[in-house]
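Here is the structure we will look at, set down as structure tokens.
There are 2 protein chains.
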Amino acid sequence: MPSVADAAPGDMPIDTPPNAPPNAPPNTPLAIICCGGTVPYAVADAAIRRGRRVVMFPLRGWADASAVAAYSHHWIALGQFGRFCRLAHREGCRDIVLVGGLVRPSILQLRLDWGTLMQMPLIIRSFRGGDDHLLTGVARMLERNGFRVIGAHEVAPEITAPVGVLGRVSPGAAVQHDIEHGFGLLAAMSAFDVGQAAVIAGRRVLAIEAAEGTDALLDRIAAMRAAGRITLPAGAGVLVKAPKRRQDRRFDLPSIGPDTIERAARAGLAGIAVIGGATIVAEPQRLVEAADSAGMFVVGCPDAEASA
Amino acid sequence: MPSVADAAPGDMPIDTPPNAPPNAPPNTPLAIICCGGTVPYAVADAAIRRGRRVVMFPLRGWADASAVAAYSHHWIALGQFGRFCRLAHREGCRDIVLVGGLVRPSILQLRLDWGTLMQMPLIIRSFRGGDDHLLTGVARMLERNGFRVIGAHEVAPEITAPVGVLGRVSPGAAVQHDIEHGFGLLAAMSAFDVGQAAVIAGRRVLAIEAAEGTDALLDRIAAMRAAGRITLPAGAGVLVKAPKRRQDRRFDLPSIGPDTIERAARAGLAGIAVIGGATIVAEPQRLVEAADSAGMFVVGCPDAEASA
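Sequences listed follow chains V and G, in order. Residue 56 in this note's numbering sits at position 43 of the first sequence; the count goes up by one each step and never skips. Residue 104 in this note's numbering sits at position 91 of the second sequence; the count goes up by one each step and never skips.
Written out as structure tokens, the structure is:
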């Protein structure tokens with residue numbers, strides 16, 4: 014793996030020529046700003062498999078140092094916007110993917126550098142409102158600095174769930190109504206910049222995700238079952254996950270992984286329904302194995318928004 | 014306090030004559046089906062203050078035996094529909110209020126009697142879907158048996174929050190947007206038979222209530238703060254509560270009490286916004302004292318649906 018320090022300063026790659034075949038990766042290296050979880054490495058591996066050079070920018074405090082070590086990388090602290098721009102330009106990066114779980118930091122936790130301070134009014138505006146606002150604000154800042162923010166699913170479509178059933182278990186006819194009810198609910202909420210996941214059982218909405226995240230949502234279902242607050246038998250209920258409508262899908266696509274399956278199984282759910290092509294699947298092979306062994310379905314549903 | 018056993022079987026009171034003044038209570042005793050919490054007793058006391066006789070029907074396992082002891086009462090088990098109808102008719106009751114917290118039981122927990130079994134198809138239909146469906150189904154069953162189901166707020170309007178500020182603390186101009194955002198979100202969700210409460214801070218939706226209830230919602234905010242998942246300073250954020258739109262307000266109006274204030278204070282919220290006239294306030298004096306001492310606002314907002 015070439016070290017970032019090996020790149021000569023004058024060695025600036027040019028971008029993909031206009032007559033390049035549509036599937037050929039651009040010649041510029043891909044910058045991946047990595048937050049938590051395993052998804053950033055799946056995206057990096059997919060880009061590398063296509064022959065593209067990748068430079069990781071792991072966020073200190075969020076990214077996993079042992080996972081990052083295998084890639085060209087520069088650590089950055091959240092808020093070091095100037096440092097990021099300098100390093101990414103020096104690496105010749107033009108395209109940026111922002112990927113992985115990011116718990117919203119306190120403005121006091123941010124170590125702000127000079128480049129960031131110059132952008133403060135925009136940042137402060139981004140910090141009000143939902144995650145969407147925050148990420149849109151960050152993307153706008155990056156674009157002002159000559160970068161192009163692209164979605165992980167554009168770089169590596171194979172990391173998203175397909176339309177159809179993953180694994181051996183299919184959703185029964187009885188849960189179809191719950192799946193539709195759930196996606197309808199998420200669509201109704203998304204104008205409020207919230208609502209990427211909910212749990213529905215027997216046409217009843219048991220839990221809705223906001224700032225706590227999907228893991229906590231599933232743990233809540235398990236706790237409500239244990240406390241007798243949910244009295245449905247195990248094997249009832251569906252986790253539905255969807256990107257917010259009109260959300261900028263370049264970042265913050267919903268994701269599921271093997272641990273989602275394990276938590277959903279502990280919550281006694283029958284399965285998981287996501288939007289095909291718009292949901293990142295971390296470690297798909299382990300996910301399918303976990304679903305099969307738990308007897309749970311995982312289904313990618315057609316993207317109503319894409320066809321609309 | 015007269016015992017229920019003292020009532021002579023032939024002593025059937027007649028209903029309010031048509032020429033009675035509009036504020037006079039009907040002559041028939043009021044049946045109150047009491048679930049958990051203190052609200053049933055506030056409703057009973059308000060009816061008694063107006064000179065109406067009250068017969069409580071505490072639900073075994075939900076109602077508090079020591080609180081019930083002060084009133085005429087008959088214990089019933091959930092599912093003893095036939096027993097309830099027999100006793101309520103014998104007491105001469107025509108109007109019924111269903112009030113208090115009720116965690117949805119498992120169908121196996123129900124001890125079904127003959128009268129209930131006869132109604133099973135209706136009950137089973139009611140058990141699918143949200144709480145609204147369940148309660149609407151129960152009300153329909155009661156009405157088929159000659160009763161009239163009325164709302165606690167109709168019997169005792171003084172137990173609902175007024176429009177305006179309760180206590181000494183007023184909501185600042187900065188939270189107005191959060192309050193509107195929250196009520197807008199709840200309205201958008203209510204078509205899905207869910208969404209009576211949410212917590213909003215700085216235009217961001219932090220938590221949405223589904224089956225877990227408001228107490229767990231507030232505890233979740235406190236836990237997310239403790240875990241650093243919410244990094245807003247204490248004193249930011251609003252709990253909004255509203256009845257579902259087009260909800261049958263005869264039952265299941267949202268309620269707040271002193272413990273809601275204590276939990277909201279532990280969650281670091283600035284205050285609580287409810288819909289005036291459509292939110293039950295349990296123990297209003299203790300609630301106001303708790304809010305004042307926590308420096309929190311409690312505000313009743315105008316009812317958009319009532320004026321629409």
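All C-beta atoms in this analysis are idealised placements derived from N, C-alpha and C, irrespective of residue type, glycine included.
Of all the options the options, which has the alpha carbon lying nearest to the alpha carbon of residue i?
i	options	result
G/Asp-206	G/Ile-293, G/Lys-257, G/Ile-269, G/Cys-48	G/Lys-257
V/Gly-185	V/Ala-78, V/Cys-47, V/Ala-286	V/Ala-286
G/Leu-155	G/Leu-245, G/Gly-95, G/Pro-271	G/Gly-95
G/Asp-191	G/Arg-181, G/Ala-201, G/Arg-216, G/Pro-267	G/Arg-216
G/Ala-223	G/Gly-241, G/Gln-209, G/Ala-82	G/Gln-209
V/Cys-48	V/Ala-235, V/Arg-63, V/Ala-60, V/Arg-73	V/Arg-73
V/Met-69	V/Ala-152, V/Ala-90, V/Leu-43	V/Leu-43
G/Arg-263	G/Ala-55, G/Gly-164, G/Arg-233	G/Gly-164
G/Ile-221	G/Lys-254, G/Ala-59, G/Pro-71	G/Lys-254
G/Cys-98	G/Ala-240, G/Asp-77, G/Ala-152	G/Ala-152
V/Leu-193	V/Gly-64, V/Ala-204, V/Ala-211, V/Ser-183	Note that residue 193 of chain V is Glu in the sequence shown, not Leu. Nearest option by C-alpha distance: V/Ala-211.
G/His-87	G/Ile-45, G/Gly-64, G/Ala-240	G/Ile-45
G/His-102	G/Val-56, G/Ala-59, G/Ile-61, G/Thr-41	G/Thr-41
G/Asp-228	V/Glu-275, V/Arg-242, V/Ala-76	V/Arg-242
V/Leu-93	V/Cys-106, V/Pro-71, V/Gly-105	One detail in the question is off: residue 93 of chain V reads as Gln in this sequence, not Leu. Ranking the options by Cα distance to V/Gln-93, first place goes to V/Pro-71.
G/Ala-105	G/Ala-82, G/Trp-75, G/Arg-66, G/Ile-89	Note that residue 105 of chain G is Gly in the sequence shown, not Ala. The shortest C-alpha separation from G/Gly-105 is found at G/Arg-66.
V/His-166	V/Ala-303, V/Leu-266, V/Glu-302, V/Ala-76	V/Leu-266
V/Ala-80	V/Gly-50, V/Ala-240, V/Val-112, V/Ala-249	V/Gly-50
V/Leu-282	V/Ala-78, V/Ala-90, V/Ala-235, V/Glu-302	V/Ala-235
V/Arg-276	V/Arg-233, V/Leu-100, V/Ser-183, V/Asp-77	V/Arg-233
V/Ala-317	V/Ala-187, V/Ala-239, V/Phe-196	V/Phe-196
V/Gln-189	V/Ala-82, V/Ala-239, V/Ala-249	V/Ala-249
V/Ile-274	V/Ala-247, V/Ala-187, V/Ala-303	V/Ala-303
G/Trp-75	G/Ala-187, G/Pro-246, G/Val-112	G/Val-112
V/Leu-219	V/Asp-77, V/Ser-203, V/Leu-245	V/Leu-245
Cβ atoms of residue j and residue i: under 7 Å apart, would you say?
i	j	result
G/Gly-289	G/Gly-313	yes
G/Gly-270	G/Leu-300	yes
G/Thr-173	G/Thr-292	yes
G/Ala-307	G/Ala-280	no
G/Val-52	G/Ser-268	yes
G/Arg-161	G/Asp-108	yes
V/Ala-55	V/Tyr-84	no
V/Arg-181	V/Asp-272	no
V/Ala-201	G/Ala-201	yes
How far does the alpha helix (DSSP H) with residue i in it reach, from first residue to last?
i	result
G/Asp-191	186-202
V/Ile-58	Per the sequence shown, residue 58 of chain V should be read as Asp rather than Ile. Unbroken alpha helix (DSSP H) run through V/Asp-58: 52-62.
G/Ala-165	165-168
Under 8 Å by Cβ, that's how I've got residue i and residue j pegged, so tell me the actual separation to the nearest angstrom.
i	j	result
V/Leu-199	V/Val-311	About 17 Å separates the two Cβ atoms, so there is no contact after all.
V/Ile-213	V/Val-168	Contact flag wrong, Cβ pair sits at about 32 Å.
V/Val-176	V/Pro-315	5 Å
V/Glu-171	V/Ala-59	6 Å
G/Glu-225	V/Met-237	6 Å
If you follow the beta strand (DSSP E) that residue i is part of, which residue opens it and which one closes it?
i	result
G/Cys-47	43-47
G/Val-207	Neither: G/Val-207 is in no beta strand (DSSP E) and is coded neither H nor E.
G/Ile-221	217-221
V/Val-178	177-179
G/Ile-109	108-112
At which residue ranges does the stretch 235-319 of chain G contain complete alpha helix (DSSP H) runs of 4 or more residues, listed in the order of the chain?
Runs of the alpha helix (DSSP H) inside the stretch 235-319 of chain G: 271-279, 297-307.
Within the stretch 64-104 of chain V, ranges of the beta strand (DSSP E) (whole runs, at least 3 residues)
Annotation note: the stretch 64-104 of chain V contains the following uninterrupted beta strand (DSSP E) runs of length 3 or greater, listed N- to C-terminal: 67-71.
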